[in-house]
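Numbering (our numbering), first residue to last: 307 to 649.
Built from N, CA and C at the ideal position, the CB exists for glycine as well.
Computed from a predicted model, the values in this text were never measured in an experiment.
Structure first, then comments.
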Ligand code: PEP
Ligand code: MN
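Right, here's the structure in full:
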């Protein structure tokens, strides 16, 4: 339950609410939003019935958690969250492009790709050391050796690196190399992993589960936030549809829906949505036009040699062209992207 106090509520009125919640054994969190105090008592959905909260002095409104009241929600904080890492700001109205290979295959491949995406304008570099593969016999990633390559890439380029973490036991390891941890589509509902990345302080990119509703996805973000880490970027990456023409169906409406319902930045991964290179640029342009705070693009210098997801990787010159298009689309928009044009 979230209790939003009037802007003029006194500290005594806030203290009264806090005391009553404490008496009920609630886990209390107090924040300020545009000058007003917001008190939330979680874990107890019955709290809403325990007292006539709206009648208490200083209370403006009450939003029960079970009806969309969440810490990642706009009710809790109306200002947009800006996620920051090494000077890159996601969610401040600028456009962030993360790019790189799906998997780290070798030092040479990773460094070559990182150099070319940064030269083309990418602010962040992707490359995974741990890959979630459908077949247990497929390439699973280089593991720790891959993370060491990633650290070298960050050292050389000065750009933050993002990598997937698959297992709660590896959060510390991946977090000691990567600047941003990514939760993949297969793990969106892995609450143990969500809690673990919520207990560390690096930003987390949370991909949408491939058969998850927007509400389920936002609840997954809430697991991370509840552990104390508010640095969350939501990543739409397509959902399973009935049409096999593309690997997944990119849900463009997810961009404004999540931005309206939460204060979190939203990025789009058109590469994993499409699964094929010839759709990626169109989807990326659409994502930026829809208000995404950024996109994440697979790029490989020689996709035919890629060990994972070669068919969806853009070639270096295709990526350069796309960067120019994305900048043009972003600057053509007149409404502020960060808040989806909402006041
Ligand atoms: C990826 O980004 O490499 C990836 C595995 O994506 P997803 O979890 O969206 O399939
Ligand atoms: Mn991939």
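Same chain, Cβ closer than 7 Å to residue i, five either side skipped, listed in chain order
i           : result
residue 419 : 406, 407, 605, 606 and 607
residue 359 : 309, 365 and 368
residue 491 : 513, 514, 515, 516 and 543
residue 449 : 435 and 436
residue 391 : 466, 485, 486 and 509
residue 586 : 576, 577, 580, 603, 618 and 620
Selected residue, minimal CA-CA separation from residue i, among the options
i           : options               : result
residue 588 : 423, 560, 620 and 562 : 620
residue 546 : 504, 345 and 581      : 581
residue 380 : 617, 623, 641 and 571 : 571
residue 559 : 552, 595 and 585      : 595
residue 601 : 579, 521 and 325      : 579
residue 518 : 554, 534 and 487      : 554
residue 583 : 618, 523, 629 and 386 : 618
residue 613 : 455, 444 and 478      : 444
residue 499 : 412, 527, 520 and 521 : 527
residue 411 : 441, 328 and 433      : 433
residue 334 : 463, 534, 474 and 593 : 534
residue 318 : 363, 329 and 307      : 363
residue 451 : 383, 638 and 416      : 416
residue 636 : 626, 590 and 470      : 590
residue 598 : 566, 622, 627 and 529 : 566
residue 657 : 477, 442, 383 and 403 : This structure cannot settle anything about residue 657, because the visible part of the chain is limited to 307 through 649.
residue 507 : 441, 495, 489 and 481 : 481
Simplified DSSP state of residue i, which is helix, strand or coil
i           : result
residue 484 : coil
residue 390 : strand
residue 542 : strand
residue 575 : coil
residue 345 : strand
residue 334 : strand
residue 416 : helix
residue 613 : coil
residue 307 : coil
residue 633 : helix
residue 383 : coil
residue 316 : coil
residue 568 : strand
residue 424 : helix
residue 398 : coil
residue 327 : helix
residue 555 : strand
residue 602 : strand
residue 494 : coil
residue 450 : helix
residue 525 : helix
residue 503 : helix
Sequence-distant residues of the same chain with beta carbon closer than 6 Å to residue i, five excluded per side
i           : result
residue 321 : none
residue 453 : 435 and 483
residue 336 : 345
residue 694 : No statement about residue 694 is possible, as the shown extent of the chain runs from 307 to 649 and does not include it.
residue 460 : 467
residue 640 : none
residue 474 : 498, 499 and 502
Same chain, Cβ closer than 8 Å to residue i, neighbours up to 5 away in sequence not counted
i           : result
residue 446 : 436, 437 and 439
residue 564 : 520, 523, 524, 540, 542, 570 and 572
residue 634 : none
residue 413 : 455 and 458
Nearest-angstrom Cβ-Cβ length linking residue i and residue j, presumed shorter than 8 Å
i           : j           : result
residue 531 : residue 395 : Actually they are not in contact, since the Cβ atoms of residue 531 and residue 395 sit about 19 Å apart, beyond 8 Å.
residue 397 : residue 389 : 6 Å
residue 610 : residue 616 : 6 Å
residue 536 : residue 425 : That belief does not hold up - the Cβ atoms of residue 536 and residue 425 are roughly 33 Å apart, past 8 Å.
residue 552 : residue 574 : Going by Cβ atoms, the distance from residue 552 to residue 574 rounds to 14 Å, so no, they are not a contact pair.
residue 622 : residue 422 : 5 Å
If contact is defined by three or more beta carbon pairs under 8 Å, each pair taking one atom from either stretch, is the stretch 421-431 in contact with the stretch 499-506? no
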